[in-house]
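Visitor: One structure follows; several queries about it will come next.
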Amino acid sequence: MSALGKVVRAGVGRRRVQTLVMVLTTTASVTACILALGLLVAARGPYQRSFADQHGAHLNVLYDQARASPAQLAATAHAPGVTAAAGPYQAVTVRPRSGPGTRIPPTGSPLPPMTLVGRGQDGPLDGLRITDGRWTAGPGEVVFLDGHSPLAVGDSMEFPDLPGHPTLKVVGLAASVSWSADGWVAPEQVAGLTAPGTAPAAQYLYRFAHAGSDAEVEADRAALAAAVPGEALARATSYRPVREEANRTAATFVPFVTAFGVLGLAMSVLIIGVVVSGAVSAATRRIGILKSLGFTPAQVARAYVGQALIPAGLGTALGVLVGNLLSVPVLGLAHKALRGGLLGIPVWVDAVVAVVAPAAVAGTALVPALRAGRLRTVEALAIGRTAPGAKRAAARGSATGAGPAGRLSRVQDVIGRLPVSRALSLGLASPLNRPGRSATTGAAVALGTVGVTLCVGLTLSLGSLQEGLTADRAGGVVVQVPIEGAAQPVDHVDEAAVAKAIDSRPGTRAWYSSVPTQVALAGNTGRSAVVAFDGDASWSGFHMISGRWFRGPGEIVVAAAYLRANQAKVGDTVTLADHGRSTPAKITGEVLATSDVVFTDRATLAPLGGAIRTEALAFHVDLTPGTDARAYADGLDQAVRPMGLGAESGGEHVNIVMLAMNTLAGTLTLLLAVVAGLGVLNTVLLDTRERVHDLGVLKALGMSPRQTVGMVLTSVCGSGLAAGLVGVPIGVLVHHQVLPAMARAAGIGVPDADLAVFAPPVVGPLILGGLVLALLGAALPATWAARTRTVTALRTE
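Heads up: the sequence shown is residues -13 to 783, going by our numbering.
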């Protein structure tokens, strides 16, 4: 081994703790970069990748087999524009109830209508990927569409209205990039799910040469309809709404992942710079010895760059490994939220990070190594033996310590007069010995505080947004009318009887009813979804982005999608129309909602006559404090079931997108906090080792281990508190930029209440978080300093 190689090996082996810190720092930094970059890649066109990988279908079509022969249906595979087709699969539309042992919803509760298809997992189009559980092994089992399943794996559903009262057990969840069905069963199961006197529909899946726009998809549908007898095409479902929703969801991930990625990159550069430059500056005297032995400045620089690259290389390898391991659950959750995308880190991401990280370390180490290598031998030896506070003056050739050193001395004198113990005053003055290093470490802690502040703010804001978006499920209990297409549709709802049943139940606090319907905007060919309320819905929890909630007939509140589609604004008066009748309405506010929806009082729609459809009512019930929502819902369900209705507790509905964002933000924030803590640990460790002789003197003069710990911990209090005071406002500012960007990508606005989540009870702990982070990083060096024997410290140079 060459002399240079021996120096590198000796340097790495001699400073084991510092080497370990550099390995851990690089590992955490690389892990954060791997995850952030992987998430950014995953959020770019996830649906397109999944559509190609799973051979998605542009159109999912159900045919009435009584109106077309099998030969005619098979001939649709050769219709104009068709490039691939799959089918026929037998499909039935059913309305089951939750089966025995099901907890949510409870056993016997009605489930929404669903289309079940009999087919295998694989196929030429719309390959199904199991995300939980397994595929069906035969009759009696069902696999649901992941993300839209009313039941969990292990639950069951039953069909009391079908011959034999069949029961199906949920054995798995599957991802379908085409959303071709609500669930899948074994082909031989379809006959048992078909009501007497009816026949299953025939499902075909198609891909077309041109299906990039709604107009092209509609032309493709028309070509299929023309290929079969009239009315044989019962239903055609396009892939485009699914793609648009997936792309919109993916776009919401980009702003906050970018913010965390930039924070992680900046912090990694700062911390690695502190670690590497500290290692080189701490070895200035050793550099002087090497130069006295004949090493050239270039050899000295290569030696210390090599000493930095060895632990950095090991940390990079570990970071790539840990990043890929963490990506399995993290990207798995993101894949569910995005309904597609990557399930692992691309190889090129690993390669880029594995090259850039060591290069950054080498570049960071090269600057101080070259600077130290250019020092004269005698000067390097002198600086290496000089107390840290005087090194800068020695490097400039000043023996008196005048100028900056003198000003620092005066500041230290002021600190020494503070009404605290001598050990604490020494700790407070310690950062002045290395102001540049302390400032850099403080900046890293501030960035960590920014990340924590952003994470807390996003968690609170997303939770509040989720409450606003699910306000239609407000209240402890919801009484729901079966929608059109149910196995037993309700022709008429006796609202008075339902109101009497609700009012008579103990625990009822307030309630209102809602009527979903469709109306047209005069002068516009499209129709908008309208939810008309009867009763006071002010307690329901709808969030207003601007304006106010409607107060009576003739007023409406609308979503952002409505304003965009109709080029309207709050304060405008619009005309609602249906079947030749119309009525004016004033827009009084913009409500938080993701769809094109209008909220108003039922009396507003009275002039439209038949626009209100009483067979589609829902009743939202608020309960008095202490009322058991499940028991209340069960009792009310018994009362309204003879009316064709069902009651269930509203509860909290988990949104997979919100859950994924909170999980990702929490993971990245934890990594940022670890990196910041390691930076503090390294800085304090370097300072403690540089002053180990002074520490021995203090111990000889009577400083106890407890005072030693206090002195070391106090040395980071100033920078930690300053980091909190600086980092929290920056984090709030970043939050106020990231959240609206996410909302714009989702096509909604942000209510002021969901943005202003940083109340004093939240800000106070966050400011102290920088101090806590700094103290945690300094805990180990403080313990080491307290345990160092006095004799050992005095003999250390």
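Just so you know, even glycine gets a beta-carbon here, dropped at the ideal spot from N, CA and C. Note that the coordinates shown come from a computational prediction; the quantities given were computed from them, not determined experimentally.
If you measure between the beta carbons of Leu790 and Ala245, is that distance less than 8 Å?
Guide: Nothing can be reported for residue 790: it is not among the residues displayed for the chain, which extend from -13 to 783.
Visitor: From the DSSP output, read off the bridge partner residues of Leu154.
Guide: Met143, per the DSSP bridge assignment.
Visitor: Among Leu440, Ala232, Gly292, which has the Cα closest to the Cα of Val724?
Guide: When only C-alpha atoms are compared, the closest one is Leu440.
Visitor: Decide if the region 109 to 125 is in contact with the region 76 to 91; the criterion is three or more beta carbon pairs, one per stretch, under 8 Å apart.
Guide: Because the criterion of three Cβ pairs below 8 Å is not met, the region 109 to 125 and the region 76 to 91 do not touch.
Visitor: Identify whether Gln474 lies in helix, strand or coil by the three-state DSSP scheme.
Guide: With a pLDDT of only 42 at Gln474, under 50, the local geometry of the prediction cannot be trusted, and the value read off the model is given with reservation. Of the three classes helix, strand and coil, the one that applies to Gln474 here is coil, per DSSP.
Visitor: List in chain order: all unbroken beta strand (DSSP E) runs of 3+ residues lying wholly within the region 647 to 698.
Guide: Within the region 647 to 698, no complete beta strand (DSSP E) run reaches 3 residues.
Visitor: Give the DSSP-derived three-state secondary structure of Ala379 in the structure shown.
Guide: Only weak support is given to the placement of Ala379: the predicted model assigns it a pLDDT of 39, under 50, and the question is left unresolved by the model.
Visitor: What is the C-beta distance between Pro421 and Ser705, in whole angstroms, given that I count them as a contact (C-beta under 8 Å)?
Guide: Their Cβ separation, rounded to whole angstroms, is 10 Å, which puts Pro421 and Ser705 out of contact at 8 Å.
Visitor: Could you tell me if Gly383 is buried or exposed, where buried requires 16 or more neighbouring beta carbons within 10 angstroms of its beta carbon?
Guide: Note that Gly383 scores 41 on pLDDT, short of 50, meaning its location in the model is unreliable; the coordinates nonetheless yield the value given after this. Flag for Gly383 reads exposed.
Visitor: Which residue's Cα is closest to the Cα of Pro767: Leu681, Pro125, Phe281, Thr569?
Guide: That would be Leu681, whose Cα lies nearest to the Cα of Pro767.
Visitor: Using only alpha-carbon positions, find the residue among His565, His606, Pro539 that is nearest to Thr574.
Guide: Minimum Cα distance to Thr574 is reached at Pro539.
Visitor: Please list the terminal residues of the continuous alpha helix (DSSP H) segment that includes Lys486.
Guide: Note, Lys486: alpha helix (DSSP H), 481 to 490.
Visitor: Thinking just about the alpha-carbon of each residue, which of Ser411, Trp170, Val47 is nearest to the one in Leu219?
Guide: Looking at the Cα atoms, Val47 is the closest of the given residues.
Visitor: Indicate whether the contact test is met: 3 or more Cβ pairs, each with one atom in the region 514 to 524 and one in the region 498 to 506, closer than 8 Å.
Guide: The region 514 to 524 vs the region 498 to 506: in contact.
Visitor: Can you check whether the C-beta of Ser635 is within less than 8 Å of a C-beta belonging to chain B?
Guide: Here there is only one protein chain, and chain B is not present.
Visitor: The alpha helix (DSSP H) with His196 in it runs from where to where?
Guide: Taken as a continuous stretch (DSSP letters only), His196 belongs to no alpha helix (DSSP H), as it is neither H nor E.
Visitor: My understanding is that Val584 touches Ile531, with C-beta atoms under 8 Å, so please give their C-beta distance in whole angstroms.
Guide: So it is not a contact: roughly 15 Å between Cβ atoms.
Visitor: Could you tell me the alpha carbon to alpha carbon distance between Ala771 and Gly349, rounded to whole angstroms?
Guide: Taking the straight line from one Cα to the other gives about 32 Å.
Visitor: Excluding five sequence neighbours on each side, which residues of the same chain lie with their C-beta closer than 6 Å to the C-beta of Leu352?
Guide: So the qualifying residues of the chain are Val291.
Visitor: Count the other CB atoms within 10 Å of the CB of Arg773; is the residue buried (16 or more) or exposed (fewer)?
Guide: Exposed is the call here.
Visitor: Ordered along the chain, which non-local residues of its own chain (more than five positions away) have a Cβ less than 7 Å from that of Arg775?
Guide: If we look at Arg775 and ignore the five residues flanking it on each side, it has no Cβ neighbours.
Visitor: Measure the Cβ-Cβ separation of Ala161 and Val129 and say whether it is below 8 Å.
Guide: Not a contact, by the Cβ cut-off of 8 Å.
Visitor: Given that a residue counts as buried once 16 or more other Cβ atoms are within 10 Å of its Cβ, and exposed if not, what is His721?
Guide: Buried, since its Cβ has 16 or more Cβ neighbours within 10 Å.
Visitor: Can you tell me which of Ile753, Gly696, Ala729, Gly735 puts its alpha carbon nearest to the alpha carbon of Ala708?
Guide: Out of Ile753, Gly696, Ala729, Gly735, Ile753 has the C-alpha closest to the C-alpha of Ala708.
Visitor: Can you check the region 40 to 96 for any beta strand (DSSP E) of at least 3 residues that lies completely inside it and give the ranges in chain order?
Guide: The qualifying runs are 45 to 49, 68 to 80.
Visitor: Quick check on Trp170: buried or exposed, where buried means 16 or more other Cβ atoms within 10 Å of its Cβ?
Guide: So Trp170 ends up on the buried side.
Visitor: In this structure, how does DSSP classify Tyr225 when only helix, strand and coil are distinguished?
Guide: In this structure, Tyr225 counts as coil in the three-state DSSP scheme.
Visitor: Sort Asp489, Thr13, Gly178, Ala547 by Cα distance to His606 and report the nearest one.
Guide: Closest by alpha carbon: Asp489.
Visitor: Mind checking which residues open and close the beta strand (DSSP E) that includes Val743?
Guide: Here Val743 belongs to no beta strand (DSSP E), and DSSP marks it neither H nor E.
Visitor: Measuring straight from C-alpha to C-alpha, what distance separates Phe744 and Gly557?
Guide: Taking the straight line from one Cα to the other gives about 31 Å.
Visitor: Under 8 Å by Cβ, that's how I've got Val431 and Gly696 pegged, so tell me the actual separation to the nearest angstrom.
Guide: Between Gly696 and Val431 the Cβ distance is about 20 Å, and since that is not below 8 Å, they are no contact.
Visitor: At which residues does the alpha helix (DSSP H) containing Gln624 begin and terminate?
Guide: Taken as a continuous stretch (DSSP letters only), the alpha helix (DSSP H) holding Gln624 covers 615 to 626.
Visitor: Pick from Arg221, Val339, Pro98, Ala54: whose alpha carbon is nearest that of Pro215?
Guide: Here the closest residue by C-alpha is Ala54.
Visitor: Under 8 Å, do Ala739 and His529 count as touching if we go by C-beta distance?
Guide: Contact flag set, yes.
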